[in-house]
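Have a look at this one:
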């Protein structure tokens, strides 16, 4: 710890991202990246981009991307906010809307960046436990609050809420903002974007990192009432006027317009997820129902930490969380069919798995 650190920074426990290995020959199933390349139209947009323009600043409003998103989701451009990945959009959201005397309500088991942001911005928060089967029970969020945030589908569990459940919460919780983090929504869940047309206190955040295969470009966005978007713009323009570079904007516009490719690749991942879940079940795994591009699973005999180490020794990376309540589960990203077959074949080599009936 440096003597120059402020006391608040010294108390922080930063978010720890999944491992990005430097060695070759590793099968990465640990960070929920899309196994397929971006849309060919996104690649074309990058290849054909006039390099001379890179000497200039990018459009601070990212107008082309906002318009493409507005057209895609059938909203107005002033209902759209864009940022440097959904993590930045979330960070600005916490700063703009949740610094109130009452606590922010969030699930006890969810995306761990939420409590990091609370600690960074000195936001009081209360974590609501999941049910025994890892569901978010929105009926438990009926108390005074500075706002409510949850991921849908949730991470790392993979379970999804219905639109009826979310709308019921909005009808009960009318005096504070509800943020729905939809990083994984395109893999089988229903988006709450349609609710933003009806309720002015819901903000939906999505990303190009998962279903659009642009994790390396760092593009995220929020959709909500124009007053919410204006609040985000105030914070963004007090922090970084140019969060998105020109190549990120161009490739994202092309990706959002290529609906055919998007539907084809997301369906491949859904199909592979279902195959993998069945293959794991046949080896003694119990998996939480998933609407994401990953599976949250536990073996009935072998501890998760042991399995993670075994797979790592065989050059397959998966994610394990040491938090009580989920410490015997692995989060496994859905890769290509070939990668998931390799995972299954490798797990069958574990001595306590191959002896199962």
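Numbering (the working numbering), first residue to last: 3 to 359.
Just so you know, even glycine gets a beta-carbon here, dropped at the ideal spot from N, CA and C.
Every value quoted in this text rests on a predicted model; they were computed, and no experiment measured them.
* Can we say the segment 98-105 touches the segment 68-75, given the rule of at least three CB pairs closer than 8 angstroms? -> no
* **8 angstroms Cβ cutoff met for residue 155 and residue 323** => As a working note, residue 155 is residue 153 in the chain shown. As a working note, residue 323 is residue 321 in the chain shown. No, these two residues do not count as a Cβ contact at 8 angstroms.
* Of the listed residues 160, 150 and 185, nearest to residue 174 (C-alpha basis) -> The residue given as residue 174 occupies position 172 in the chain shown. Of 160, 150 and 185, the residue nearest in Cα terms is 150.
* To do: In angstroms with no decimal places, state the Cα-to-Cα distance between residue 360 and residue 64.
  => One cannot answer for residue 360 here, as it falls past the ends of the chain, which runs 3 to 359.
* To do: Leaving aside the five residues before and after residue 263 along the sequence, list all residues of the same chain whose C-beta is less than 6 angstroms from its C-beta, in chain order.
  => In the chain shown, the residue the question calls residue 263 occupies position 261. Here the set comprises 41.
* Length of the line joining the Cα atoms of residue 107 and residue 146 -> On the chain shown, position 105 is the one that residue 107 refers to. On the chain shown, position 144 is the one that residue 146 refers to. If I take the Cα positions, the gap works out to 9 angstroms.
* Count the other C-beta atoms from every protein chain shown that fall within 10 angstroms of the C-beta of residue 57, then say buried if there are 16 or more, exposed otherwise. => Sequence index remark: in the chain shown, residue 57 carries index 55 (1-based). Residue 57 comes out exposed.
* Does the distance from the C-beta atom of residue 249 to that of residue 51 stay below 8 angstroms? -> Locating residue 249 in the chain shown gives position 247, counting from the first residue. Locating residue 51 in the chain shown gives position 49, counting from the first residue. Their beta carbons are under 8 angstroms apart, which means residue 249 touches residue 51 by this criterion.
* Euclidean distance between Cα positions of residue 135 and residue 276 -> In the chain shown, the residue the question calls residue 135 occupies position 133. In the chain shown, the residue the question calls residue 276 occupies position 274. Straight-line Cα distance between these residues: approximately 19 angstroms.
* Validate contact between the segment 83-94 and the segment 227-244 using beta carbons, cut 8 angstroms, 3 pairs -> yes
* Asked: Per DSSP, what kind of secondary structure is residue 222 in: helix, strand or coil?
  -> Reading the chain shown from its first residue, position 220 is the one you call residue 222. Note: residue 222 maps to strand in three-state DSSP.
* To do: Rounded to whole angstroms, what's the CA-CA distance from residue 121 to residue 15? Just pull it up for me.
  => Within the chain shown, the letter at position 119 stands for residue 121. Within the chain shown, the letter at position 13 stands for residue 15. Near 8 angstroms, if we compare the C-alpha coordinates of residue 15 and residue 121.
* Cα-Cα separation between residue 167 and residue 12, rounded to whole angstroms -> Reading the chain shown from its first residue, position 165 is the one you call residue 167. Reading the chain shown from its first residue, position 10 is the one you call residue 12. Cα to Cα, residue 167 sits roughly 39 angstroms from residue 12.
* To do: Compute the Euclidean distance between the alpha carbons of residue 17 and residue 117, then round it to the nearest angstrom.
  => The sequence position of residue 17 within the chain shown is 15, counting from 1. The sequence position of residue 117 within the chain shown is 115, counting from 1. The straight-line gap from Cα to Cα measures roughly 9 angstroms.
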